[in-house]
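Undergrad:
There are 2 protein chains.
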Amino acid sequence: MRNIQTIALALLLGSTALAPAMAAQPADQAAREKAFDASISSADQMGWLKSMSSAPNHVSSPHDKANADFILSQFKAWGWDARIETFEVLYPTPISTTVELIAPTHIVLGGQEPAIPEDATSGNTKGALPPYVAFQGDGDVTAAVVYANYGMPDDYLALARRGIDVKGKIVVTRYGGGWRGLKPKLAQDHGAIGCIIYSDPGDDGYGDTDSYPKGEARPETGVQRGSVADMPLYPGDPLTPGVGATRTAKRLARADAKTILKIPVLPMSYGDAVKILSQLAGPQAPDGWRGGLPITYHIGGTDTVKLHLAVKSEWSLKTIYDVIAMMPGKDRPDEWVIRGNHHDGWVFGAQDPLSGNVAMLSEAKALGALRAGGWQPSRTIVYASWDAEEPMLLGSTEWAETHADELQKKAVIYINTDGNGRGFLSAEGSHEYQHMVNAVAADITDPQTGVSVLQRLRAKVQADAFDGRDHNETALTAAEAGGDMPIGALGSGSDFSAMLQHLGVPALNIGYGGDAASGGSYHSIYDSYDHYTRFEDPGLAYGAVLSKTVGRMVLRIADAETPPVRFGELATTVKGYLGEVQKLVDTRRKQDDKRAALLAAGAFKLATDPLAPVAAPQAEAPTPFIELAALSNAVARLETSAKAFDAAYAAKAATLTPAARTRLNTALRDIDQLFLVPEGLPGRPWYKHLIYAPGRFTGYGAKTLPGVREAIEERRFADANRYAGLTAAAIAAYAARLDTARGIIG
Amino acid sequence: MRNIQTIALALLLGSTALAPAMAAQPADQAAREKAFDASISSADQMGWLKSMSSAPNHVSSPHDKANADFILSQFKAWGWDARIETFEVLYPTPISTTVELIAPTHIVLGGQEPAIPEDATSGNTKGALPPYVAFQGDGDVTAAVVYANYGMPDDYLALARRGIDVKGKIVVTRYGGGWRGLKPKLAQDHGAIGCIIYSDPGDDGYGDTDSYPKGEARPETGVQRGSVADMPLYPGDPLTPGVGATRTAKRLARADAKTILKIPVLPMSYGDAVKILSQLAGPQAPDGWRGGLPITYHIGGTDTVKLHLAVKSEWSLKTIYDVIAMMPGKDRPDEWVIRGNHHDGWVFGAQDPLSGNVAMLSEAKALGALRAGGWQPSRTIVYASWDAEEPMLLGSTEWAETHADELQKKAVIYINTDGNGRGFLSAEGSHEYQHMVNAVAADITDPQTGVSVLQRLRAKVQADAFDGRDHNETALTAAEAGGDMPIGALGSGSDFSAMLQHLGVPALNIGYGGDAASGGSYHSIYDSYDHYTRFEDPGLAYGAVLSKTVGRMVLRIADAETPPVRFGELATTVKGYLGEVQKLVDTRRKQDDKRAALLAAGAFKLATDPLAPVAAPQAEAPTPFIELAALSNAVARLETSAKAFDAAYAAKAATLTPAARTRLNTALRDIDQLFLVPEGLPGRPWYKHLIYAPGRFTGYGAKTLPGVREAIEERRFADANRYAGLTAAAIAAYAARLDTARGIIG
C-alpha cells in the first residue's frame, strides 16, 4: 500500500562496504534461472491484471474473494500445495460519509469520484468504497477549520508560534510529508474533533505532471483512501494485538483498541478542498505550507469558516483470505523462504497491489514449471498472496502472529513486493542480504536501456547528482566506485512488518519505479488497468523484470548450501546508523544552546514582523550527553566479527562437511532474532526490533536504532540511555553468534 | 528601480573583520545629529509622497517635470544652491502595443491595468504608460511560443537538452531569477523573434501573500514595466555611451546603439499569461520551472499555439531634469559628499522611487535647518534628485559622464537610496565604509522594536538561521560574534553605477525592507500612495528612519577631519572574493571531469526516462588552472597594508598636523580610482571597476573580481588569466597608496 513514488525516490539508502565478490553462481543455477526466465510472460501478467482489477476488490468485497480463489486455483494448477487461510478481523466499512461547508456558505462536498470516459473501469463503482479512511472514529462534528499543512509534529509547533490552537476544531491537512495515519492521530492528540486529509495538486496533481486522463497525475476529483489505524503502535487487527485473529481468538472490546482513532476523518479531493482553503482567514500559512492551489494559503481558526463532518461505519468482523502456497524443500524442508504480495486494493487496485501480485504469480508459474521439470528446491518455498493489507497489514500480520513460533523456527527470509512501476530498482531490507541484491541486480537486464538494472541505477544516481537533483550521498559514493549499491532500511507500509519487526525474520522489499511520475492514481478509483498500462508500465515490461529479480532471489536463497548472506555490509550500515545518532546528539545539544541564547537575547521577538508576528519557540531543557559507549563498543565488535566471519566463509565454505554446514545454517538461520528485545520499543511492545522500525512520527519511513534515536528526538533521555544499553547487548549477542558461526567453519 | 524585495533578501553579504572600534563621535557631532533628527518628519514625507505620486510621473510626463520643479523649489526654500540640469536623451514611448493569441483560439491580451476601487490613483491612468518595456526593438511578429522559465543561460541549456530551439519563435519568460533585460537579450541571442515577460503568481502574486487590494501581492491584472536596455554593456543614454547627453553631444545613430534590443518585447500579467501557458504542448517543463499557476507547465514549441506581438514606439529625444543642490563646505569645498535618489517612476512610483526621494527631501530640509542655525559642513554636500533612472540610470549616468573630470577630482563618496520599506537595514557598497555603516546603524533606533537597527538585524540573521530560513553564513558568523555586520557588493539597478563602476567613486546604497512582502506593486499602476502607506511603510516611520540613517552618514563624512574609512574590512572582503574565485576554478574543474566521465559512460542516457528523454549535457573543454598567484600576492599585500594603515591611523590621527591631514586626505580621496582599468572589463569598456560590477548574466546582481570570475564562468580562459594580472596590479597599486598614506601619518 505504499506509494510507489515515495519508494522510488527513497531508493537505496544505506552502506556501501566493498567486500570480496561472491562466488559466481554454479552453472546449473545459471541454467535454472534461464529456464525460469523462459516461463515469465508479460502477456500472462496483462491478462491477470485486467481480470483481477476489473471490479472493486477491497477487503470483504466479492471480487477480492474471487481474486483469492483465482490465485488459489492458479497455484494449484501450477503444482503448488496451496490453500486459503482465513481470519476474522475488525474491518469497518462506511455506512455514511458527510462533509459540507457550513460557513461562510453552504456547499456539499465529498462523494464518490466520477467516471472518466478514457478509463474503462471508472464507471464500475457499484459496491466500491467511497472516499473513506479505515479505522477513523465515527462521529458527527461541526466546527471551525484550521489548516495544518502536512499535520506533522513540526507543523503544530509552527501553529503554536502563530497563536493557533486546534482544540475543538476540524484540522485540514494535506497528504505528504509523513504517513497518512499520523495526521488525524496528531490532530486528535492536539484536541481537534475532526480531520480532513486532502491531495494537494502541488504534491501529486498538476504540479507533478498532467492530470489524468491527459497524464498520470491526480485529477481535481481524485481522492486518496487509506488506513488511519495507529500503525506505529501495532499493525494488524486492532482487536488482537500480538495474536492471530482466528475465529476463537480472545479479542479486545472495540473501545479498548488503541489503534482506532476517536475522531471522524475523511479524505478529500483538491477540487473540494480549495472551496474550504480559499475561504480561510487568520495568519498566512508559513512558506513551506504553500501547495499548488491558486490561492494564498491561510491558517484559519476563525468562526468565519465552519465545516460539518460526519462518518458512520459498519464495524462487524469480516473474513479475510490469505492464499498460502508451499513447495517443500528436498534437503532442508524446515527452512522456509517466504515471498508475498497482497491482493486486496482500495478500489480496482491495478498498481497497488495487483501489479506486484501478477509479477508474483509469474514467479509461481515459473517455479511450478521448474518443479514439473524435475527440479525441487533445497529449502521449502512459501508463496503468500495476502488479503487486507490496505486496512493495516491484517492478512500478513494475523498469519505471522498465528504462526509465530513456527516462523521463528523455520523462516529464513521474507521477500515482499507491492505495487510496481517503470524505472529503477528499489530495494530495502536486512543488510546481510545487500550483496545478494546487488548480485541479482547485476544479472537483470533493464528492458528500456539494455544494460543491467544495477548499471542503470548507478547511472541514475550519478546523473541526478550532476544535474542537481535530489540524491543520496552514500549511494553516490557507491555508484562512483562501481561497487555494491546500498539498500535502504525497512520502516513499514507493506507486509514485511510483522515478519521483520515483530518476529525478527530477515526481510527484503523489492520494486521498480521512478520513470513515470506515478502516485496520481494511488488509492483512488483511477488506479486502474487503463491508467497502469498507459502510464506506469506499458506492456508490463517491468512486471516481468520484477518476476525475474525476485525469482532469482528466491531460487538462490532456496538452493544455496547456506543462504547468500554477508555480514560486513550489515556491520558497516549499523556503524553508519550509530554515527547518525552520535551526530544527532551533538546537533541537538548545539541547537538547544542556540535556542536558549536567542531566547535570552529576545532575538525571535526582534526578528519577527510586528504586524504578522511569529512567537519565539518554546524553551526546552537541554539535551544531555547520552551513554553511547557500550553501543559504540558493541558496533565495533560487530564490525570485527562480521569481517572475520565473511573472510572465513569466503575462504573455507567449499570445504565444510555436511554436518558442519547444518550446524552453520542453524547458527545463522535465526541470528536476526537476536536483534529483538522482548519488551519491545518504548511504548509500543509489538515492535521488538532494535535496528529497524517504522518511525513513531514518520510512519512508513524507517527509524534505525529506533529505541535510542527516537528517544533522543522526543527528549525521552532516560529511554535513550536505557535503549542504548539494550541495543548494545543485542548487537554484542549478534557478534557473539557470528563468532560461534565462524568457529563452526573452523 | 530595483525591487526592494530583492534588495532586502540580499542584505548584507561580505566580510566581518573586527577591528578597533572607531573613536566615539565628538560631542558637537552628537548634538548636531540630535538637532538633525528633530527636523525629520514622517508627516512631511507623507504630504510630499501623496502629492508627488498623485499622477503618472514617468520620464517626459508633465508630473515628472512638476515634481522636479517642486523638489527644486523646496531645496531653494531650505537655503540650498539648487538648479535643474537637463539632458537630451533617447527615450522611446509606446505608440501601440499589441499582443494576442492567434492559435488555438483568438484572444486579445494586454492593455492597461484596471482601476481598483480601494486604490485612489489607480483610475488616474490618463497619460500613463501602458504595460511596456523601454528599449525593446519595435516589430510585428507572429510565431509559435516557447516557455523558457526565467530565461537565464541555464534555462537555454535545459531547453537544448529537451530538443527545443527558440529560433523564429516567441519566448515567454517569467520575471525573477535574474534581471529583466537579460531575458529578451538572451532570447534574441538564441534566435527568438519576440519575447514576453510575465509576473508569475508563485513569485510575487498569491504565492507570496494575498493579492492587492486584500494584501500587497501582485493581482491577476498587475504588470511589471521596466527597462530592457542592455545595461550590462553600459547604462545611460544608448546614443551617448561614455559622454554626457548634452544638447550638443555627438550621438550614435539609433541603429548603432548596441544597448537597444532588436526584437519586440512586452511585459504581461499572469491573468493573460495563463491563457497562453495553459495551451502549450511539448515536453513538460523541468521541476524548477514550475510557477504558481494551476497548470502543468509545458515548454511548447509547437505550431498549435501562436502569438502575435507588435510594438511601435516614438523614438525622439526627450529632455530630462536632474535637480542638483549644493551646500558648500567651509574647510574643504573641493571635497564633495554626494547623495542622490531618483524622482521618475514608471507610473505613480510611490514606493519606487518616491519613498526614498521624500526621505532625501527630509534630510535636505534638516541640513538646511542646521545651516540656517549657523553650522556649515566642512566638505561640500551635493544632493541630487535624478530623472530618468527607470529607463536605465539616464539622469545619474549622463550627469556623471558630463562631470566626470570634476567628480574624479572632487567626489569623496556617493550615497544612494531608492524605494524604501518597513523592516531591516540593507547596505551595500565600498567596503572601506563598512564600519561607518555599522557605527551609524548602532545609533539608529528601529521604530517597531525600540532597539538599534543593527541589533535588530543581528537578531534577524540568527533567527532566520535557527528557523531554517535563507540566510548568509558570513552575516550569521558576524551576528553571533556581535561584531560589525558585512555589507554587500554593489551590482547595478540604481544610480550608484556610473559613480562607482565608471568613475571609481566610493559608493553606498542604503535602504530598509523585508518586513512586508513587498514587490507586488513594483513597476505597476498599483505602486501607489494607498498601497505604500497601507502595506509597505504605514505612517512612513521607516521614511524617517532612512533619513536619520543617511543623514548621519552625510554629516559624519562631510564633517570628519578624514572620512571615516577603514581598509581592513575592504581587504578581508576582497580576500573572501579571491577565495570564492579559487573555489570556482576548483569546482569547475571537478565538474568538467565528472561530466566527461558520465558522458563517456553514457550515464545521462541510461538515467533518463526513455518516454520523456532529457539528452546529455554538451561536452565542454576542461577548465584549466588559472594564473592566480600574482592576484593572491596582491591581496595578501593589501591585507598587510590595510591593517598597518588602520592601526597607524587609530594610533596617531589625533596628532596629525593640518598640512599632513590635507596630504592624507588627498592620498585617500581618489584611492578607489586605482581599482579602475582604463580598457574596462572584457567586452564592456564602460565598466572599469575591477572589484565590483553588475554581472553580465545577473544584471542587478553583483559580480566581484568580475574580470576574472566571469571569464572563468564563461570559459574565456585567456581573459581570466589576463584580468587576474590586471586585477593584481590594481590591488597592488591600492596597497602601495595605503603605504604612502601610512607614511604621511608617520
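Protein chains in written order, with this note's numbering: chain B, 1 to 746; chain S, 1001 to 1746. All residues carry an ideal CB built from backbone N, CA and C; glycine is no exception.
Cβ of Arg1556 of chain S within 9 Å of Cβ of Met1436 of chain S?
TA: A contact, by the Cβ cut-off of 9 Å.
Undergrad: Go to Glu314 of chain B, then tell me how far its beta strand (DSSP E) extends in each direction, as first and last residue.
TA: Run containing Glu314 of chain B: Lys306 to Glu314, per the beta strand (DSSP E) assignment.
Undergrad: So, are the CB atoms of Ile71 of chain B and Asn416 of chain B less than 9 Å apart?
TA: Cβ distance not < 9 Å, so Ile71 of chain B and Asn416 of chain B don't count as in contact.
Undergrad: What does the Cβ neighbour count give for Asp28 of chain B, buried or exposed, with the cut at 16 atoms within 10 Å?
TA: So Asp28 of chain B ends up on the exposed side.
Undergrad: Hey, Ala558 of chain B and Ala217 of chain B are a contact pair by Cβ (cut 8 Å); roughly how many whole angstroms apart?
TA: Not a contact, Cβ separation roughly 41 Å.
Undergrad: Answer with yes or no whether the minimum CB distance from Tyr529 of chain B to chain S is below 9 Å.
TA: So, not an interface residue.
Undergrad: Take Ile1295 of chain S and list the residues in its own chain whose beta-carbon comes closer than 8 Å to its own, dropping the five residues that flank it on each side.
TA: Only Val1274, Leu1277 and Ser1278 meet the Cβ criterion.
Undergrad: Distance cutoff 9 Å, beta carbons only. Does Ile295 of chain B sit that close to anything in chain S?
TA: Ile295 of chain B counts as touching chain S.
Undergrad: Within the segment 1138 to 1164 of chain S, note down every full alpha helix (DSSP H) run reaching 4 residues or more, in order along the chain.
TA: Segments of the alpha helix (DSSP H) lying fully in the segment 1138 to 1164 of chain S: 1153 to 1161.
Undergrad: In the DSSP assignment, find the unbroken alpha helix (DSSP H) run with Gly568 of chain B in it and report its ends.
TA: Taken as a continuous stretch (DSSP letters only), the alpha helix (DSSP H) holding Gly568 of chain B covers Phe567 to Ala601.
Undergrad: Starting from Tyr978 of chain S, follow the alpha helix (DSSP H) in both directions and report where the run begins and ends.
TA: Past the edges of chain S, shown from 1001 to 1746, lies residue 978 of chain S, and the structure says nothing about it.
Undergrad: Can you name the residues of chain B whose CB is closer than 7 Å to the CB of Arg1534 of chain S?
TA: By Cβ distance, chain B contributes nothing, its closest Cβ being about 11 Å from Arg1534 of chain S, past 7 Å.
Undergrad: Whose CA, out of S:Gly1683, S:Val1585 and S:Ala1619, lies closest to the CA of Phe1625 of chain S?
TA: Checked all of S:Gly1683, S:Val1585 and S:Ala1619; the closest Cα to Phe1625 of chain S is S:Val1585.
Undergrad: Take every Cβ of the segment 1611 to 1627 of chain S, pair it with every Cβ of the segment 1720 to 1731 of chain S, and state whether three or more of those distances are shorter than 8 Å.
TA: With a cut-off of 8 Å, the segment 1720 to 1731 of chain S and the segment 1611 to 1627 of chain S count as touching, because enough Cβ pairs lie within range.
Undergrad: Start and end of the alpha helix (DSSP H) containing Tyr734 of chain B?
TA: Counting along the chain, the alpha helix (DSSP H) containing Tyr734 of chain B begins and ends at Phe717 to Ile745.
Undergrad: Does the CB of Gln1618 of chain S have a neighbour CB from chain B at under 9 Å?
TA: Judged by the 9 Å Cβ criterion, Gln1618 of chain S is not in contact with chain B.
Undergrad: For His431 of chain B, which of helix, strand or coil comes out of DSSP?
TA: The answer is helix: DSSP assigns His431 of chain B an H, G or I state.
Undergrad: Name the chain B residues whose beta carbon is nearer than 7 Å to that of Ala1603 of chain S?
TA: Ala459, Gln462 and Ala463, listed in chain order.
Undergrad: Name the DSSP bridge partner or partners of Trp1386 of chain S?
TA: Beta-bridge pairing links Trp1386 of chain S to S:His1342.
Undergrad: Roughly how many angstroms lie between the CA atoms of Leu754 of chain B and Val243 of chain B, to the nearest whole one?
TA: Residue 754 of chain B cannot be examined here, being either before or after the span of chain B that is shown, 1 to 746.
Undergrad: By the three-class DSSP mapping on this structure, what secondary structure does Asp256 of chain B have?
TA: Asp256 of chain B: helix per DSSP, three-state reduction.
Undergrad: Can you list the residues of chain B that Pro1201 of chain S reaches, using a CB-CB cut of under 8 Å?
TA: Those within 8 Å of Pro1201 of chain S in chain B are Pro294.
Undergrad: Return the chain-ordered ranges of every alpha helix (DSSP H) run that is complete within the segment 39 to 90 of chain B and spans a minimum of 4 residues.
TA: Whole alpha helix (DSSP H) segments, 4+ residues: 42 to 52 and 62 to 77.
Undergrad: For Lys583 of chain B, go through chain S and note every residue whose CB falls closer than 7 Å to its CB, in chain order.
TA: Under the 7 Å cutoff, chain S gives no residues; its nearest Cβ is about 17 Å from Lys583 of chain B.
Undergrad: Please give the ranges of any alpha helix (DSSP H) in the segment 1465 to 1519 of chain S, keeping only runs that are unbroken, at least 4 residues long and fully inside the region.
TA: Correct list: 1473 to 1481.
Undergrad: Counting along the chain, where does the alpha helix (DSSP H) carrying Ile1557 of chain S start and finish?
TA: Ile1557 of chain S -> alpha helix (DSSP H) spans Ala1541 to Asp1559.
Undergrad: Could you give the distance in angstroms between the alpha-carbon of Ala441 of chain B and the alpha-carbon of Thr549 of chain B?
TA: So the alpha carbons of these two residues sit roughly 7 Å apart.
Undergrad: Using 8 Å as the threshold, is the segment 315 to 332 of chain B in touch with the segment 153 to 162 of chain B, meaning 3 or more CB pairs across them?
TA: Because the criterion of three Cβ pairs below 8 Å is not met, the segment 315 to 332 of chain B and the segment 153 to 162 of chain B do not touch.
Undergrad: What number of angstroms, rounded off, separates the C-alpha of Gly483 of chain B from the C-alpha of Glu390 of chain B?
TA: The alpha-carbon atoms of Gly483 of chain B and Glu390 of chain B are separated by roughly 36 Å.
Undergrad: Under 8 Å Cβ-Cβ, which residues of chain B neighbour Pro1610 of chain S?
TA: Simply Gln448, Thr449 and Asp515.
Undergrad: Can you list, in chain order, the residues of its chain whose CB lies under 8 Å from that of Glu113 of chain B, leaving out five sequence neighbours each side?
TA: Result list for Glu113 of chain B: Ser122, Thr125, Pro131, Thr221, Gly222, Val223, Ser269, Ser524, Ile525 and Tyr526, in chain order.
Undergrad: Sorted by chain position, which residues of the same chain lie with C-beta nearer than 8 Å to Ser1452 of chain S's C-beta, five sequence neighbours on each side aside?
TA: Taken in chain order, the residues that qualify are Ala1441, Ala1442, Asp1443, Ile1444, Thr1445 and Asp1446.
Undergrad: Is Met231 of chain B helix, strand or coil by DSSP?
TA: Here Met231 of chain B sits in coil by DSSP.
Undergrad: Quick one: list the residues of chain S neighbouring Leu598 of chain B, beta-carbon separation under 9 Å, in chain order.
TA: Those are Ala1459, Gln1462, Ala1463 and Phe1466, listed as they occur along chain S.
Undergrad: Between Asp1467 of chain S and Pro617 of chain B, is the Cβ-Cβ spacing less than 9 Å?
TA: Yes. Within cutoff.
Undergrad: Spatial neighbours of His1531 of chain S within its chain, please: CB distance less than 6 Å, with the 5 preceding and 5 following residues excluded, ordered by chain position.
TA: Excluding sequence neighbours, His1531 of chain S sits near Ser1521.
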